[in-house]
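Below is one structure, written out as structure tokens, with a few remarks after it.
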Amino acid sequence: QSALTQPRSVSGSPGQSVTISCIGTTSDIGAYDYVSWYRQDPGKTPRLIVYDITERPSGVPDRFSGSKSGNSASLSISGLQPDDESDYYCCSFAGDYMVFGGGTKLTVL
Amino acid sequence: EVQLVESGGGLVQPGGSLRLSCAASGFTFTKYWMHWVRQAPGKGLEWVARANVDESTTNYADSVKGRFTISRDNAKTTVFLQMGRLRADDTALYFCVRDRDGYNTALGYWGQGARVTVSS
Numbered sequence: 135q136s137a138l139t140q141p142r143s144v145s146g147s148p149g150q151s152v153t154i155s156c157i158g159t160t161s162d163i164g165a166y167d168y169v170s171w172y173r174q175d176p177g178k179t180p181r182l183i184v185y186d187i188t189e190r191p192s193g194v195p196d197r198f199s200g201s202k203s204g205n206s207a208s209l210s211i212s213g214l215q216p217d218d219e220s221d222y223y224c225c226s227f228a229g230d231y232m233v234f235g236g237g238t239k240l241t242v243l
Numbered sequence: 104e105v106q107l108v109e110s111g112g113g114l115v116q117p118g119g120s121l122r123l124s125c126a127a128s129g130f131t132f133t134k135y136w137m138h139w140v141r142q143a144p145g146k147g148l149e150w151v152a153r154a155n156v157d158e159s160t161t162n163y164a165d166s167v168k169g170r171f172t173i174s175r176d177n178a179k180t181t182v183f184l185q186m187g188r189l190r191a192d193d194t195a196l197y198f199c200v201r202d203r204d205g206y207n208t209a210l211g212y213w214g215q216g217a218r219v220t221v222s223s
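Protein chains in written order, with the numbering used here: chain A, 135 to 243; chain B, 104 to 223.
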């Protein structure tokens with residue numbers, strides 16, 4: 135049950151695009167098409183922004199998109215806005231457990 | 104509106120026990136897996152445990168296996184986390200979470216959390 139690997143931080147300027155990577159193993163990301171992404175603003179509860187690799191809950195703009203290749207997943211954010219600054223976590227279903235990444239702090243410069 | 108309200112957090116000594124409760128409302132409780140996720144101060148999210156709709160399947164993170172037990176009372180739409188042999192590294196904000204759609208693949212709704220501090 136090792137945590138997924140995410141970069142500690144990424145940054146971009148308003149209007150630019152950024153991608154957050156999430157590296158797993160053949161036991162989690164590589165085995166299932168159930169990667170989800172969450173954002174957590176400071177002092178707030180996490181909220182789901184992508185599920186089943188590419189799907190977005192209602193209300194999440196299409197600037198947020200997910201993908202997966204092999205044992206890795208990615209969250210891409212296009213047209214960066216100041217409000218996108220937050221902590222982002224990937225998560226994978228892994229059979230009899232679930233596992234999170236360590237989180238990535240997105241800074242909008 | 105989905106609501107998840109945790110209670111039961113507090114300060115406990117190392118080796119002690121504590122039971123968290125999560126009162127759920129606003130949805131058909133018996134259709135969804137329920138999870139607990141924790142976050143240590145200044146750290147990331149850690150999945151802790153989950154139970155299926157009738158508690159016939161429960162799963163745990165290795166870090167809590169054998170010490171924590173998840174259960175649910177469907178009549179009272181409440182999920183519990185019984186925590187035993189607590190250690191300092193169990194100190195965290197514990198979130199009660201409902202799965203997104205009944206298929207246990209994403210965490211759709213989160214409570215505000217119950218704070219647990221393990222310290223002498």
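Backbone N, C-alpha and C fix where the C-beta goes; we use that ideal spot for every residue, glycine too.
Query                                                                                                                                             : Result
Contact with chain A by W139 (chain B), beta-carbon distance below 9 angstroms                                                                    : no
For F227 (chain A): DSSP bridge partner residues                                                                                                  : A:M232
Contacts around S223 (chain B), its chain only, beta-carbon distance under 7 angstroms, and the 5 residues preceding and following it disregarded : Q116 and P117
Segment limits, beta strand (DSSP E) that includes Y172 (chain A)                                                                                 : V169 to Q174
F132 (chain B) in three-state terms, based on DSSP                                                                                                : helix
Y163 (chain B) versus T160 (chain A): straight-line alpha-carbon distance, rounded                                                                : 20 angstroms
Cβ-Cβ distance between R122 (chain B) and W136 (chain B) below 9 angstroms                                                                        : no
DSSP-derived helix/strand/coil call for A209 (chain B)                                                                                            : coil
Bridge partners - R218 (chain B), DSSP secondary structure assignment                                                                             : B:L196
Coarse secondary structure for K202 (chain A), derived from DSSP in three states                                                                  : strand
Candidates B:F132, B:G205, B:Q142 and B:L189, of which the one nearest A217 (chain B) by Cα                                                       : B:Q142
Straight-line gap, E104 (chain B) to G129 (chain B) (C-alpha atoms, nearest Å)                                                                    : 5 angstroms
Counted within 10 angstroms of its Cβ, other Cβ atoms place D218 (chain A) as buried (16 or more) or exposed                                      : buried
Within chain A, partners of N162 (chain B) - CB distance below 7 angstroms                                                                        : D230 and Y231
Rounded separation between P148 (chain A) and P216 (chain A) - CA only                                                                            : 7 angstroms
CB-CB length for Y77 (chain B) against G112 (chain B), believed under 8 angstroms                                                                 : The requested residue 77 (chain B) does not occur in the structure, where chain B is confined to residues 104 to 223.
Interface residues of chain A facing R190 (chain B) [CB-CB closer than 8 angstroms]                                                               : Ordered by position in chain A, no residue passes the 8 angstroms Cβ test against R190 (chain B), which lies about 17 angstroms from the chain.
Inter-stretch contact (C-beta, 8 angstroms, three-pair minimum) for the segment 187-205 of chain A and the segment 160-175 of chain A             : yes
Cβ-Cβ distance between S212 (chain A) and S151 (chain A) below 9 angstroms                                                                        : yes
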